[in-house]
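Single-structure report; data block below.
Residue numbers (our numbering): 2 to 393.
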């Protein structure tokens, strides 16, 4: 699979483009690569889908914010297979061309999506219903975030009626042809304008684009084509996700009325705090408490990692604030570019109370010349320059 292009590049807009500029750019691309205008051109069809996917993300404030922060991985680009994340058909996910026309046809002011030809391509003849999206939260511990994980969730949702198969009709004989559109699913109007006669094709208001009217509804779903139910959804979550990141599982939302397109399942990530490690971007931070003797003499100590423990060497004379870096022991980038580090920050533990024997030993050390703070010439010169600067 070829690497996806940047959505802003696809539409030819800047990252600070307004919603109207994004919409205008998509309309221009959709007209250029429309299947009716490029019959049999597979490359044009892929560009048509690519533009639709870019517009689907950049026209939605929530999706756009996720894309700006996480790139294609925030849209589900890092997952695949069953329960994977995606959006459009062919190289661009799981939607068909009909899905695109159904979702974005309103941009062109009608159900025929742009008014090309006579619709010989078969696209846009009927309106397709779409189910609503669902949103769920998934809690992940640090190990699951680092390694990636699979979660099975039982989702309560609208499901397709098993009695009528989603049609909403009692049986195959429970339909009549729509009298308004004559079964075509759309109506055409000719309007005289300043520029001349304009022909506009829109979805039939009577049948909603189906071309048929239900005469005898299904008794179980009462003509809706959906009923309340639940589904177990398996979700593949890539490594490196973060708090608040939202992933989309295509087609796992509410079922649509009358056999349309299911909505999406939006998965919001929540991070469970680790008892010892703190996340900063893709790095992990551990605050290592050293006693005075270990800091002075050096030592070999264990520190926690995501997978267990790691032993590190503390050099003699380690001071508070010194950072020891364990490369590759952090969190992998969600886009797969690199892996963060584990940063061990040294801190000197000072007991609140000491025994008489400890106090006596410390009193002897206090008077030792070796324990008296000594500023190097370099530090003294720095302080002198700072003093001169603020006094000048």
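From the three backbone atoms N, C-alpha and C, an ideal C-beta is built for every residue, glycine too.
CB contact flag (residue 158, residue 255, <7 Å): yes
Proximity below 7 Å, CB of residue 286 to CB of residue 325: no
Through-space distance from residue 240 to residue 352, alpha-carbon basis: 40 Å
The ligand COA heavy atom lying under 6 Å from the CB of residue 65: What this structure holds is no ligand at all, so the ligand COA is not there to describe.
Meets three-Cβ-pair contact criterion under 8 Å: the segment 257-266 and the segment 156-174: yes
Cβ-based burial, residue 229 [other Cβ within 10 Å; buried from 16]: Burial call: exposed.
Residue 144, DSSP secondary structure in three states: helix
Through-space distance from residue 248 to residue 141, alpha-carbon basis: Each residue's alpha carbon lies about 14 Å from the other.
Opposing strand residues paired with residue 284 [DSSP bridges]: 281
Minimum length 4: unbroken alpha helix (DSSP H) runs contained in the segment 24-75: 43-59, 62-71
6 Å Cβ shell around residue 253 - same chain, five flanking residues per side excluded: 234, 266
Residue 367, DSSP secondary structure in three states: Helix.
Three-state class that DSSP yields for residue 357 in the structure shown: Three-state result, residue 357: helix.
Burial state of residue 354, where buried means 16 or more other Cβ atoms lie within 10 Å: exposed
Beta carbon of residue 74 nearer than 7 Å to that of residue 336: yes
Cβ-based burial, residue 145 [other Cβ within 10 Å; buried from 16]: buried
Residue 298, buried or exposed, once every other Cβ within 10 Å from all chains shown has been counted against 16: exposed
Run of the beta strand (DSSP E) containing residue 234, from where it starts to where it stops: 227-238
Length of the line joining the Cα atoms of residue 296 and residue 372: 13 Å
Inter-residue CB distance, residue 131 and residue 264 (contact presumed, cutoff 8 Å): About 6 Å separates the two Cβ atoms, so the contact holds.
Inter-residue spacing [alpha-carbon to alpha-carbon] between residue 332 and residue 58: 27 Å
C-beta contact flag for residue 191 and residue 200 at 7 Å: yes
Buried versus exposed, by CB contacts within 10 Å (16 or more), residue 27: buried
CA nearest to the CA of residue 279, picked from 62, 221, 307: 307
Residue range of the beta strand (DSSP E) that includes residue 303: 300-305
Coil, strand or helix - residue 332 by DSSP: If DSSP states are grouped into helix, strand and coil, residue 332 belongs with coil.
Proximity to residue 316 [Cα-Cα], best of 293, 282, 34: 293
Whole-angstrom C-beta distance between residue 272 and residue 243, which should lie under 8 Å: 7 Å
Environment of residue 375 [buried if 16+ CB atoms lie within 10 Å]: Around the Cβ of residue 375, a 10 Å sphere holds fewer than 16 other Cβ atoms; the residue is exposed.
Residue 180 versus residue 217 - alpha carbon distance: It is roughly 17 Å from the alpha-carbon of residue 180 to the alpha-carbon of residue 217.
Three-way DSSP call (helix, strand, coil) for residue 294 in this model: helix
Limits of the alpha helix (DSSP H) - the one that residue 11 falls within: 8-12 is the span of the alpha helix (DSSP H), which, as asked, contains residue 11.
Helix, strand or coil at residue 20 according to DSSP, with G and I counted as helix: Helix.
Burial state of residue 92, where buried means 16 or more other Cβ atoms lie within 10 Å: Bear in mind that the predicted position of residue 92 carries a pLDDT of just 41, short of 50, making it unreliable; the figure below should be weighed with that in mind. Residue 92 should be labelled exposed.
Local conformation of residue 362 per DSSP, three classes: helix
Of the listed residues 215, 370, 155, nearest to residue 173 (C-alpha basis): 215
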